[in-house]
Amino acid sequence: MAADNTEVAIVGVGHSDFRALYTERGVVHDAYLLAAGAFRSALEDAGLGKDEVDGVICSRVEYGRLADVLGIRFPRVVHDLEGAGRMSGVALQQAVALVRTGMADVVACIYGNNGRSAGMRYGGEGGSPTVAYDAMYGMTSPGAYVAMMYRRYLDIYGAPEDAGAPVAINNRRNGALNPVAVFQEEIDRDQYLGSRFIAEPLRLLDYCLINDGGVAFIVTSIERARSLRRQPVCVAASAAMGDLTNFYTSRDFFYTACSDVAARVYERSGLKPEEIDCLQIYDNFVPTVLFTLEGFGHAPRGEAWQWVRDGRIARDGPRPVNTAGGHTSESYMQGWAHIVEAVRQIRGECGERQVAGCASAQYMCASPIVTSHVLVADEEHRP
Amino acid sequence: MNLEAYRELLPKITDANRPYWEGCLEGELRLQLCGQCGLHRFPDSPLCPGCLSEDFTWHKVSGRGRVWSWIIMHQRYFDAFVDELPYVVVLVELDEGPWMMSALDGDPASLRIDLPLEVVFTRVDDDRAVPKFRVAQ
């Protein structure tokens, strides 16, 4: 099993300068151009030419158009994934599986998001017949479904209204050290509690931002990876589980699915939660981080809101979380940039926000498709 | 309430969901009941998610449930609800099992997690009534 566990690596990563794009007011960005820019950066990072890529998985952009834009004419594997946050983890998992089974040698996972340019609101769209039964009561938006979970969570665990504040504050503190983060201003507890309600109990500062950008990462075998420019970052374990109903709201805050995924990634990676050096947590909304920490066994069930206090999740604390600033500070790239940050932390490229001696990182996404990956430094490069 | 926008927001009545809406007009909450395994389901769906049977009847349910959770919506998303902001949305767990989004008929200050509720119907116009929930009497 040991060989299996380390046979696939991420060899190149790239993304937009989110902050620069955000400050270009009134400019409409093309999602394909954003995706292509990230892909170009990832290729350069890896030292690969685009003709060496024989697999393409993309999200939020359509594969036919993207392949045409990129001039990837004859890929061995190509398809797109829905433009939903749960898919970033799925994309990497599929890339790993493709390389492991030999269906492709070099897989590029590519994402382009022009949600801000396109005026995305993430609510009020109407949609399917199922959604209509919610909309008729004014129920809409992913945040409102998370708010349903959060209200119940606060009640059954006796958590106070500032339960999420340490997570929101931590993201911004990390973002302040990230040159491409959209929001680099730190916030405090009073600002958190003073921000207006959107879907109460969720406040504005519980919400991801909406911005434009592209992200890409390139996956190949460890043998090939070792011949390339960068230090390979190995995918030591990857697992997923759906938690699928009519609703984004999960009856146990995704606990069952997270626990199942957690057990598998810890077993396959041989790492325990407390042995992982940094955590990249999908944070569409701040409470999702609390649900994730509990479901993945980092914090005791019902106690994450206490566990995140007192610097435990700080960059220089025992369990650093969302070191680039996450979705509330760096960029809302639907988990894609979290995976890039995990890679860069292990490579030691994160400058001021670098976690000292980082040799492992875990990506976690609690959503209707729960995913997690444990990434580790290649054994030749471990600190 | 912007009634014109609200009517647009209501699910279109189709052959598949007509018994539900007829029940609402008659003051009864009716759900699909699987003819094979006895599972209730909502919203309408062509087959049972428990046993995959397509055999079902429309069945009057108790109309009772409990507050799984609720939110207070402050953000403007729908024209129909602009005049209602902020408004409460309750996620009801029906005694028969399915979840149902709804509105509260009563004082939001009375809301508690797991509070028992019962259905009431509000007439929108001649051919539509919608279920809401009040604190169980």
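Respectively, the protein sequence lines represent chains W and Z. With our numbering as the guide, the letters of the first sequence map in order to residues 1 to 383. With our numbering as the guide, the letters of the second sequence map in order to residues 384 to 520. Note that beta-carbon positions come from the ideal geometry of N, C-alpha and C, so glycine has one too. Since we're looking at a predicted model, the values are computed, not measured.
> Just the Cα atoms here: how many angstroms apart are V444 (chain Z) and F464 (chain Z)?
Replying inline: 29 Å
> CA-CA distance, G14 (chain W) and S41 (chain W)?
Replying inline: 5 Å
> Can you list the residues of chain A that S141 (chain W) reaches, using a CB-CB cut of under 9 Å?
Replying inline: This model lacks chain A altogether, as its protein chains are W and Z.
> Span of the alpha helix (DSSP H) holding E501 (chain Z)?
Replying inline: Here E501 (chain Z) belongs to no alpha helix (DSSP H); instead the beta strand (DSSP E) covers P499 to D508.
> If you draw a straight line from the alpha carbon of A356 (chain W) to that of V61 (chain W), how long is it in whole angstroms?
Replying inline: 36 Å
> On the three-state DSSP scale, how would you describe A3 (chain W)?
Replying inline: At A3 (chain W) the pLDDT is 42, less than 50, meaning the model places this residue with poor confidence and gives no usable figure here.
> Which same chain residues, not among the five before or five after C258 (chain W), have their C-beta less than 7 Å away from its C-beta?
Replying inline: T292, G295, F296, A366 and V370
>> Given this structure, state the Cα-to-Cα distance separating L193 (chain W) from P160 (chain W), to the nearest angstrom.
In response: 11 Å
>> Can you tell me whether K515 (chain Z) is helix, strand or coil according to DSSP?
In response: strand
> Along the chain, where does the alpha helix (DSSP H) that runs through C407 (chain Z) open and close?
Replying inline: R401 to L408
>> For L435 (chain Z) and H423 (chain Z), what's the separation of their Cα atoms in angstroms?
In response: 13 Å
>> Taking the alpha helix (DSSP H) that C258 (chain W) belongs to, which residues open and close that run?
In response: Y255 to S269
>> Going by beta-carbon coordinates alone, are I218 (chain W) and L98 (chain W) separated by less than 9 Å?
In response: no
> Among the residues of its own chain, which have a CB less than 6 Å from the CB of S269 (chain W), if the five just before and after it don't count?
Replying inline: A236, A237 and V374
> Does the beta-carbon of D68 (chain W) have 16 or more other beta-carbons within 10 angstroms, so that it is buried, or is it exposed?
Replying inline: exposed
> Can you give, in chain order, each stretch of the beta strand (DSSP E) that sits fully within the stretch 399-473 of chain Z and has at least 3 residues?
Replying inline: 413-417, 439-443 and 447-456
>> I'd like the span of the alpha helix (DSSP H) that includes P288 (chain W), first residue to last.
In response: The displayed chain sequence assigns Thr, not Pro, to residue 288 (chain W). Start and end: V286 to G295.
>> Measuring alpha carbon to alpha carbon, tell me which residue in W:R152, W:Q354 and W:A216 is nearest A59 (chain W).
In response: Per the sequence shown, the amino acid found at residue 59 (chain W) is Ser instead of Ala. Checking every option, the nearest Cα to that of S59 (chain W) belongs to W:A216.
>> Do G71 (chain W) and A104 (chain W) have their beta-carbon atoms positioned less than 9 Å apart in this structure?
In response: no
>> Would the stretch 243-253 of chain W count as touching the stretch 108-122 of chain W if we require 3 or more Cβ pairs under 8 Å?
In response: no
> Does S485 (chain Z) get closer than 9 Å to chain W when you measure Cβ to Cβ?
Replying inline: yes
> In this structure, does DSSP put V27 (chain W) in helix, strand or coil?
Replying inline: coil
>> I'd like to know if A2 (chain W) contacts chain Z, where contact means its C-beta is closer than 9 Å to some C-beta of that chain.
In response: Residue confidence is low: A2 (chain W) scores 38 on pLDDT, short of 50, so the model does not pin down where it sits. Its coordinate-derived value is still stated next. No, A2 (chain W) does not count as interfacial toward chain Z.
>> Since P232 (chain W) and L279 (chain W) should fall inside the 8 Å C-beta cutoff, what is the C-beta to C-beta distance between them, to a whole number of angstroms?
In response: With a Cβ gap of about 21 Å, P232 (chain W) and L279 (chain W) do not count as contacting.
> From this set, W:R264, W:V106, W:K272 and W:V131, which residue's C-alpha is nearest A239 (chain W)'s C-alpha?
Replying inline: W:R264
>> Can you tell me which residues form a DSSP beta bridge with I110 (chain W)?
In response: W:C58 and W:A216
> Excluding sequence positions up to five away, which residues of its chain have a Cβ less than 7 Å from the Cβ of A2 (chain W)?
Replying inline: Note that A2 (chain W) scores a pLDDT of 38, beneath 50, so its modelled location is shaky and nothing firm can be said.
> Taking C-alpha atoms, which residue in Z:Y470, Z:D490, Z:D510 and Z:V513 lies nearest to T140 (chain W)?
Replying inline: Z:Y470
>> Please classify P287 (chain W) as buried or exposed, where buried requires at least 16 neighbouring CB atoms within 10 angstroms.
In response: buried
> Nearest to P75 (chain W) by alpha carbon, out of W:Y266, W:Y63, W:S16 and W:C234?
Replying inline: W:Y63
> In chain order, which continuous runs of the alpha helix (DSSP H) of length 4 or greater are located wholly inside the stretch 307-369 of chain W?
Replying inline: 326-329 and 336-347
> Pairing CB atoms from the stretch 306-314 of chain W with CB atoms from the stretch 385-397 of chain Z, are three or more of them under 8 Å?
Replying inline: no
> Going by DSSP, which residues form a beta bridge with L477 (chain Z)?
Replying inline: Z:G448
> From the beta carbon of P160 (chain W), is the nearest beta carbon of chain Z less than 9 Å away?
Replying inline: no
>> So, at 8 Å on beta carbons, what are the nonlocal neighbours of C417 (chain Z) in its own chain, with the 5 sequence-adjacent residues on each side left out?
In response: H423, R424, C431, G433, C434, S436, D438 and F439
>> By the three-class DSSP mapping on this structure, what secondary structure does E185 (chain W) have?
In response: coil
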